[in-house]
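Participant:
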Amino acid sequence: MQSKLCKRDAGGGAGGLSLPEDIIFEVLLRLPLPPAALRRYRCVCKAWRAVISDPSFLAARRSHVCAADPLIVAMFGSAPEFELRLLDRDGNVLRVFDVGGGTAALLAPTRLDLVFVDRMQLGAMIIDPASGRHCTVPTTSTAVNDYSFGRAVPSGDYKVVRLHVIVTSHGDGRRRRSQWCEVATILDDGGAGDEPTWRRRPWGPFYHTSFSCEHKATVNGDLFFMLYDTYDSESHGRNLIATFNLESEEWKTKAIKGPLLGRKNVQDKWSIALTEIKGTLCMVHKVQQLSDFGGHYANLWLLKDANRSVWVKEYKIQMPQRLLFTKPLDVLLDGTLLLLNTFQKAGNNKKCHRYILQFYNSSTKAFIDFMEMAEGFNGRMAFYAGSLQS
Numbered sequence: 001m002q003s004k005l006c007k008r009d010a011g012g013g014a015g016g017l018s019l020p021e022d023i024i025f026e027v028l029l030r031l032p033l034p035p036a037a038l039r040r041y042r043c044v045c046k047a048w049r050a051v052i053s054d055p056s057f058l059a060a061r062r063s064h065v066c067a068a069d070p071l072i073v074a075m076f077g078s079a080p081e082f083e084l085r086l087l088d089r090d091g092n093v094l095r096v097f098d099v100g101g102g103t104a105a106l107l108a109p110t111r112l113d114l115v116f117v118d119r120m121q122l123g124a125m126i127i128d129p130a131s132g133r134h135c136t137v138p139t140t141s142t143a144v145n146d147y148s149f150g151r152a153v154p155s156g157d158y159k160v161v162r163l164h165v166i167v168t169s170h171g172d173g174r175r176r177r178s179q180w181c182e183v184a185t186i187l188d189d190g191g192a193g194d195e196p197t198w199r200r201r202p203w204g205p206f207y208h209t210s211f212s213c214e215h216k217a218t219v220n221g222d223l224f225f226m227l228y229d230t231y232d233s234e235s236h237g238r239n240l241i242a243t244f245n246l247e248s249e250e251w252k253t254k255a256i257k258g259p260l261l262g263r264k265n266v267q268d269k270w271s272i273a274l275t276e277i278k279g280t281l282c283m284v285h286k287v288q289q290l291s292d293f294g295g296h297y298a299n300l301w302l303l304k305d306a307n308r309s310v311w312v313k314e315y316k317i318q319m320p321q322r323l324l325f326t327k328p329l330d331v332l333l334d335g336t337l338l339l340l341n342t343f344q345k346a347g348n349n350k351k352c353h354r355y356i357l358q359f360y361n362s363s364t365k366a367f368i369d370f371m372e373m374a375e376g377f378n379g380r381m382a383f384y385a386g387s388l389q390s
């Protein structure tokens with residue numbers, strides 16, 4: 001592209017530094033801008049309008065976004081019918097997959113080139129978005145099953161971990177809990193319908209884990225599970241996190257102690273979740289201080305040393321009152337966070353939510369809308385890091 005100077009329009013006021021058009025092209029190409037922001041930037045000056053309107057710029061931007069950013073995997077629908085949609089960063093639907101009926105469809109929090117859906121009593125489904133192929137991982141009818149999915153390091157093998165729990169009642173009123181763990185390796189193409197071979201593994205050195213998808217995360221070949229009932233607010237206790245290594249197929253003998261969160265006041269509302277950002281395990285600690293107007297925030301703790309349970313509070317997000325929950329999805333090079341935020345819709349229906357992808361600038365404390373999720377989105381989101389070019 002021929003280099004031209006960006007000059008202000010007549011009457012534009014005092015001029016600043018003028019940039020060549022090819023520099024403007026490259027800067028605008030790399031900015032994490034939603035389509036609406038690009039349309040607004042066309043009004044800055046004639047040179048910007050010319051660059052943004054140029055078909056070569058639009059084509060380059062599409063290629064750049066696809067190469068630099070994984071695609072969005074989002075779950076839509078409600079029981080008994082769910083569908084999985086593959087979206088680009090402009091919100092365009094690229095693929096749709098029917099995941100069938102059931103009481104729930106839980107999306108594994110991964111960033112891989114296969115997508116994993118836990119359909120509870122219907123078993124799990126592994127989808128290859130590039131080829132459209134999928135396979136079903138059957139469930140067992142005699143136990144409560146919980147599925148997790150990830151890629152072992154360094155072998156790169158895809159593996160499914162299935163946790164079984166059976167609770168039986170005895171005549172004297174006592175209840176007995178039986179639990180075991182199984183692992184299966186999945187072929188790169190998603191299994192192509194073949195029944196996986198399960199290997200039983202010893203249960204970890206703990207009583208039981210939470211099966212909530214908000215309390216699980218997959219990071220660098222490790223599966224992390226938050227343990228039940230491990231936080232003692234009266235003694236300033238910590239949450240405990242179990243680790244299963246996909247390569248060795250073994251549980252770590254020592255649980256990770258979560259960050260020291262402090263004392264929970266009776267009138268406060270807390271929620272705690274696990275996720276992955278920057279290739280690191282992150283604990284999201286949301287606090288709503290009902291006695292303090294404006295005391296609504298989320299702390300993001302990053303695990304720095306798993307062996308010594310060292311955490312660092314990397315971000316504190318001051319949340320508007322109508323923001324119910326925030327889930328960090330990614331961190332840009334400049335430190336800006338990409339968040340999936342859940343808002344309460346106006347009206348009396350407390351179950352009616354809006355889901356908006358927003359950028360959060362930790363320096364200015366400002367939220368910038370990136371994309372509002374379409375009607376029917378149920379809050380489950382992951383990333384697809386593969387290529388659709390089969």
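Those letters in the sequence shown? Residues 1 to 390, per UniProt numbering, in order. Just so it is clear, CB atoms sit at the ideal spot from N, CA and C, and this is done for glycine as well.
#1: For A217, which residues from the same chain have a beta carbon less than 7 Å from its beta carbon, with the 5 sequence-adjacent residues on both sides left out?
#2: For a quick check, are the C-beta atoms of L300 and M283 less than 9 Å apart?
#3: Please confirm whether F383 and L114 have their CB atoms less than 9 Å apart.
#4: Under 6 Å Cβ to Cβ from W311, same chain only, skipping five residues before and after it: list those, please.
#5: Taking the beta strand (DSSP E) that V219 belongs to, which residues open and close that run?
#6: Going by other Cβ atoms of all chains shown within 10 Å of its Cβ, with 16 needed for buried, is N341 buried or exposed?
#7: Please report the residue range of the alpha helix (DSSP H) in which W48 lies.
#8: Would D90 be called buried (16 or more neighbouring beta carbons within 10 Å of its own) or exposed?
#9: In or out: A105 buried (at least 16 other Cβ within 10 Å) or exposed?
#10: Could you have a look at F25 and say whether DSSP puts it in helix, strand or coil?
#11: Comparing alpha-carbon positions, which option in V183, K257, K269 lies nearest T197?
#12: Once DSSP output is grouped into helix, strand and coil, what is the label at Q344?
#13: Would residue 449 be called buried (16 or more neighbouring beta carbons within 10 Å of its own) or exposed?
#14: Just checking: is the beta-carbon of A382 within a distance shorter than 9 Å of some beta-carbon in chain B?
#15: List the whole-angstrom C-beta distance separating Y41 from I52, where the pair is believed to meet the contact cut-off of C-beta under 8 Å.
#16: Whose C-alpha, out of M319, E250, P154, is nearest the C-alpha of N220?
#17: Tell me the DSSP secondary structure of R162 in three-state form.
#18: Any idea what DSSP makes of C213, helix, strand or coil?
#19: Below 8 Å on the Cβ atoms is my contact criterion, and I expect T139 with L122 to pass it. Report the Cβ-Cβ distance as a whole number of Å.
#20: Which of the three DSSP states, helix, strand or coil, is assigned to M120?
#21: Classify F57 as helix, strand or coil using the three-state DSSP reduction.
#22: Between the alpha carbons of K286 and F97, how many angstroms are there, rounded?
#23: In angstroms, rounded to a whole number, what distance separates the CA positions of A346 and L240?
#24: Please report how far the alpha carbon of M381 lies from the alpha carbon of H215, in whole angstroms.
#25: Can you list, in chain order, the residues of its chain with a C-beta nearer than 6 Å to that of T168? Leave out the 5 residues immediately preceding and following it.
#26: Taking 9 Å as the cut-off, decide whether the C-beta atoms of A152 and L246 are in contact.
#27: Would you report the Cα separation of residue 402 and F116, rounded to the nearest angstrom?
#28: Quick one: is K327 buried, meaning 16 or more other Cβ sit within 10 Å of its Cβ, or exposed?
#29: Use the C-beta contact count for D369: other C-beta atoms within 10 angstroms, 16 or more gives buried, fewer gives exposed.
#30: Could you have a look at R40 and say whether DSSP puts it in helix, strand or coil?
Facilitator: Taking the definition as stated:
#1: P109, F224, L274, T275, E276, L281
#2: Yes; because the gap between Cβ atoms is below 9 Å, this pair is in contact.
#3: Cβ atoms of F383 and L114: not closer than 9 Å.
#4: Here W311 has P259, W301, L303 as same chain residues with Cβ atoms under 6 Å from its own Cβ, once five neighbours each way along the sequence are excluded.
#5: 216-219
#6: Flag for N341 reads buried.
#7: Looking at the DSSP string, the run of the alpha helix (DSSP H) that includes W48 is 46-53.
#8: Within 10 angstroms of the beta-carbon of D90 lie fewer than 16 other beta-carbons, which makes it exposed.
#9: Around the Cβ of A105, a 10 Å sphere holds 16 or more other Cβ atoms; the residue is buried.
#10: helix
#11: V183
#12: strand
#13: The requested residue 449 does not occur in the structure, where the chain is confined to residues 1 to 390.
#14: In summary, chain B is missing from the structure at hand, where a single protein chain is found.
#15: 6 Å
#16: P154
#17: R162 falls in the strand class under three-state DSSP.
#18: helix
#19: Cβ atoms of T139 and L122 come within 8 Å of each other, at about 7 Å.
#20: helix
#21: helix
#22: Distance between the alpha carbons of K286 and F97 is about 33 Å.
#23: 37 Å
#24: If I take the Cα positions, the gap works out to 15 Å.
#25: R176
#26: yes
#27: Residue 402 lies beyond the residue range present for the chain, which begins at 1 and ends at 390; the question has no answer from this structure.
#28: Within 10 angstroms of the beta-carbon of K327 lie 16 or more other beta-carbons, which makes it buried.
#29: exposed
#30: helix
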